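To start, the structure itself, in structure tokens.
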């Protein structure tokens, strides 16, 4: 008797879930999961295409002899290209031609102001 009540309860829950999934929401749209599945399929297809392109690029012969020569020449002209400085420092070439980190002379200007740079009004 108890097991039949349990089975009926489970079946009732499954039926209610099935009705809820086919029912349209208050805006007249179907469930969001119905729209999500085609998007996921498209993303998987795009991911597979990218993997194929990546494999093709791995297998293609590469001729970097000219590119390496150009990079070495640029680095010799400007040693700051391969030098990384910390926060608030800029790379400059000293009189010996070596890359040196120095404190930034002025703050960089961004097209959008940084909200963290705003000063809070003092409470007096």
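Numbering (mature numbering (1 follows the signal peptide of the UniProt record, and there is no 0)), first residue to last: -22 to -1, 1 to 102.
Each residue gets a CB set at the ideal place from its N, CA and C atoms; glycine is no exception.
These numbers were taken from a predicted model, which means no experiment stands behind them.
Where does residue 76 sit, in a helix, a strand or coil, going by DSSP?
-> coil
Where residue 61 falls: helix, strand or coil (DSSP) = coil
Rounded to whole angstroms, what's the CA-CA distance from residue 84 to residue 64? Just pull it up for me.
-> Distance between the alpha carbons of residue 84 and residue 64: 15 Å.
Just tell me which of -13, 78 and -8 has its CA closest to the CA of residue 62.
-> The residue with the shortest Cα to Cα distance from residue 62 is 78.
Closer than 8 Å by C-beta to residue 71: which residues in its own chain qualify, once you throw out the five before and the five after it? Chain order, please.
-> Result list for residue 71: 56, 57, 58, 77 and 78, in chain order.
Alpha carbon to alpha carbon, how far is residue 20 from residue 90? Give it in angstroms, no decimals.
-> 34 Å
Going along the chain, which residues of its own chain have a beta-carbon closer than 7 Å to the beta-carbon of residue 81, five neighbours each way excluded?
-> 66 and 67
Three-state class that DSSP yields for residue 29 in the structure shown | Here residue 29 carries a helix assignment [DSSP, helix/strand/coil].
Per DSSP, the bridge partner or partners of residue 71 = 77
Spatial distance of residue 34 from residue 24 (CA atoms) | 15 Å
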